[in-house]
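Single-structure report; data block below.
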Amino acid sequence: MQRFPETGLSRRDLLAAGAVSVAAGTTGRSARAEGAPLAASANDAVAVEPTRMKVGFTVNGTVKELDVDTRTTLLDALREQLHLTGTKKGCDHGQCGACTVMVEGVRINSCLTLAVMHEGDAITTIEGLGRPGELHPMQAAFVKHDGYQCGYCTPGQICSSVAVLAEIEAGIPSHVTEDLTARPQLSAEELRERMSGNICRCGAYSNIIDAITDVSRSPA
Amino acid sequence: MRPFTYERATSPAGAASAAARTQGARFIAGGTNLLDLMKLQIETPPHLIDVNGLGLDTIEATEEGGLRIGALVSNTDLAADARVRQDYGLLARALLAGASGQLRNKATTAGNLLQRTRCPYFYDTAQPCNKRQPGSGCAAIGGFTRQLGVIGTSEACLATHPSDMAVALRALDATVETVRPDGTARALPIADFHRLPGDTPHIETALEPGELITAVVLPKPLGGRHIYRKVRDRASYAFALVSVGAIIQSDGSGRVALGGVAHKPWRVEAAEGEMPRGAGAVAGALLAGARPTRENAFKITLVERTLAAVLNEARG
Ligand SMILES: Cc1cc2nc3c(=O)[nH]c(=O)nc-3n(C[C@H](O)[C@H](O)[C@H](O)COP(=O)(O)OP(=O)(O)OC[C@H]3O[C@@H](n4cnc5c(N)ncnc54)[C@H](O)[C@@H]3O)c2cc1C
Ligand code: SF4
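Just so you know, the protein sequences line up as chains C and S, in that order. In terms of UniProt numbering, the first sequence has 64 at position 64, counting the first letter as 1, and numbering is strictly consecutive. In terms of UniProt numbering, the second sequence has 204 at position 204, counting the first letter as 1, and numbering is strictly consecutive.
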């Protein structure tokens, strides 16, 4: 499959957008000189109409075709259009990890990526890991070890936890890995460092580490 | 976020010429810095050019015995590469000290080099900032400057470059390879890549409008002990107050670059001659002419002490 199919924009559309930008750029600059708001950035002057595009990707094994505003983040596409509200919006700036999902098996912050950048990708959210009655071992371990209190960060914590074990398994080092040329160890210190991109305001951290440790020790 | 049009580039030269066609267009790689800034309307590109499909995501050996790192190689993949872990430990360490696992999975080599400052006033669109809006003034001067630069600053801007990776690349003397909108390629030494703020803090690098980074090249391995020590307000997941990247040889000679102190990764080759005289002498030469503020003068002491710890570790 071609990973980057047609954009849906014709060359003429793109050129037209370019021409508009250049014109707007010129007038915008003089307008700013007369005291436009400080919110403006260096290249603020250019104005474009909202643009929609089609994008297709797989979510939890199901093919989804969406029509999105180009500004839509993967997080908003999942929550607002696909109604997969397990993935949470915390800070919306990549700082808290509540929006963590896996794309092609790799954990990322879904708030800092655009839906249109995921044409053809396979996405796994908390809903795809397991369901009531058939929980993923990590979900079950979070329940067993009380790895949460309010639960808001939990889907992100669980997605991250599953990916962390895979990253250690794949031999990816971390900031606390002592010997860069050896395989990383499965220690509490390693888990804490690797989970530092997931913030929990209830402070369930030690129980989260217990849950991950439990899963890492059980036979696959 | 302001509306924008979006295209997926299919060749490096095509991406560069597309960028030159639309004023204010931006490349998007991992998106972890650009989208953050677009949400805050600090960046307002009318057009995005997605460079993820360009095949620039491999790490290859060069004829000179070094490595050519594709611009789109993720920070995770770069830090995990066996050759990087073996021969360029400083680079792996610096990468792993930055951001979080999720972010490093998305962040790319080029995007990391081009990430923008974390100056709090740059982020606050209610404040004047010469970097965000040229000519508007600098709210940091006379403001809260604890995190800001101590050397190479100007009357227009005190900001620092926040990248950990760039500090390692500076110590390693990497080269940045690019393609320009007219299709010509060039190679920029990392020393000349990032600029000091001067009167134009919004111009942060030597890149021309539309110029695309295609790769970063590492010269052949230097051997020695590779150490990256980052001092921050918490043990993980925070930007550096100060960082020291060093490659120390068994005879005590070596290279040192600093993060968290200037608008670019800070290295003064002449200061490395002071190595036999110890951390105080090296730090003194590295930071000669520094103009810290009352709030960030502690960085001068912190650099010296961090360097002392690094030299100690190298001997141990
Ligand atoms: C919460 C948080 C914590 C962080 N902590 C740290 C930290 O501790 N240390 C650290 O070093 N960093 C840290 N970062 C920053 C992170 O490293 C950067 O966001 C990331 O490296 C940017 O890479 P990207 O590929 O996502 O860039 P993008 O956001 O895609 O792009 C950044 C810029 O580079 C340009 N660009 C991208 N690719 C190219 C190319 N090939 N040629 C020319 N221009 C290009 C884009 O146009 C844009 O202007 C943190 C970020 C966040 C959100
Ligand atoms: S220090 Fe630089 S980035 Fe910060 S407010 Fe001043 S001009 Fe802007």
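Glycine residues also receive a C-beta, built at the ideal position from the N, C-alpha and C atoms.
Check	Outcome
Relative to the alpha-carbon of Leu-302 (chain S), which residue among S:Glu-269, S:Ser-243, S:Val-268, S:Asp-87 has its alpha-carbon at the smallest distance?	S:Ser-243
Look up Ile-151 (chain S) in the DSSP assignment and say whether it is helix, strand or coil.	coil
Mapping DSSP to helix, strand and coil, what is Lys-39 (chain S)?	helix
Thinking just about the alpha-carbon of each residue, which of S:Gly-70, S:Val-261, S:Gly-278, S:Gly-142 is nearest to the one in Lys-299 (chain S)?	S:Val-261
Ordered along the chain, which non-local residues of its own chain (more than five positions away) have a Cβ less than 6 Å from that of Gly-171 (chain C)?	Arg-183
Hey, Arg-229 (chain S) and Val-310 (chain S) are a contact pair by Cβ (cut 8 Å); roughly how many whole angstroms apart?	5 Å
Quick one: using the 10 Å Cβ neighbour count with 16 as the cut-off for buried, is Phe-4 (chain S) buried or exposed?	buried
Please identify, using Cβ separations under 7 Å, the residues of the stretch 76-91 of chain S that lie next to chain C, in order along the chain.	Thr-76, Ala-79, Ala-80, Arg-85, Gln-86, Gly-89
What does a CB cutoff of less than 7 Å around Tyr-121 (chain S) pick up in its chain, not counting 5 residues either side in sequence?	Gln-127, Cys-129, Ala-139, Ala-140, Gly-143
Among all the DSSP beta bridges, which residues are the ones paired with Leu-90 (chain S)?	According to DSSP, which records beta bridges pairwise, Leu-90 (chain S) is partnered with nothing at all.
In terms of residue numbering, what span does the alpha helix (DSSP H) encompassing residue 345 (chain S) cover?	For chain S, the structure presents residues 1 to 316; residue 345 (chain S) sits outside this window and is missing.
Determine contact between the stretch 47-58 of chain S and the stretch 6-14 of chain S, defined as no fewer than three beta-carbon pairs at a distance below 8 Å.	yes
Just grab the DSSP bridge partners of Lys-230 (chain S) for me.	S:Ser-243
With distances taken Cα to Cα, identify the nearest neighbour of Gly-86 (chain C) among C:Asn-60, C:Val-68, C:Arg-217.	C:Asn-60
Compute the distance between the beta-carbons of Ala-79 (chain S) and Leu-95 (chain S), then report whether it is under 8 Å.	yes
For Lys-264 (chain S) and Pro-45 (chain S), I'd like the C-alpha separation in whole angstroms.	24 Å
Could you please tell me which residues of the stretch 96-130 of chain C, in chain order, have their CB closer than 7 Å to any CB of chain S?	Gly-97, Thr-100, Val-106, Arg-107, Ile-108, Asn-109, Leu-112, Thr-113, Leu-114, Val-116, Met-117
I'd like to check one pair, Thr-100 (chain C) with Ser-196 (chain C): are the Cβ atoms closer than 8 Å?	no
Do the stretch 132-139 of chain C and the stretch 89-100 of chain C touch if we need at least three Cβ pairs shorter than 8 Å?	no
Whose C-beta lies closer than 7 Å to the C-beta of Val-268 (chain S) among residues of the same chain, with five residues either side of it excluded?	Ala-285, Leu-286
Can you tell me the Cα-Cα spacing of Ala-25 (chain S) and Ala-18 (chain S), whole angstroms?	8 Å
Could you check whether the Cβ of Gly-101 (chain S) sits closer than 8 Å to any Cβ belonging to chain C?	yes
For a cutoff of 8 Å on Cβ pairs, would you count Ser-160 (chain C) as touching chain S?	yes
Hey, could you find the ends of the beta strand (DSSP E) Asp-67 (chain C) is sitting in?	62-69
Output needed for Glu-119 (chain C): all residues of its chain with C-beta closer than 6 Å, excluding positions within five of it in sequence on either side, in chain order.	Val-55
Take the Cβ of Ala-159 (chain S) as the centre, count every other Cβ of all protein chains shown within 10 Å, and call the residue buried at 16 or more, exposed below.	buried
Thinking C-alpha only, which one of S:Arg-104, S:Ala-171, S:Ala-283, S:Ala-20 is nearest Ile-49 (chain S)?	S:Ala-20
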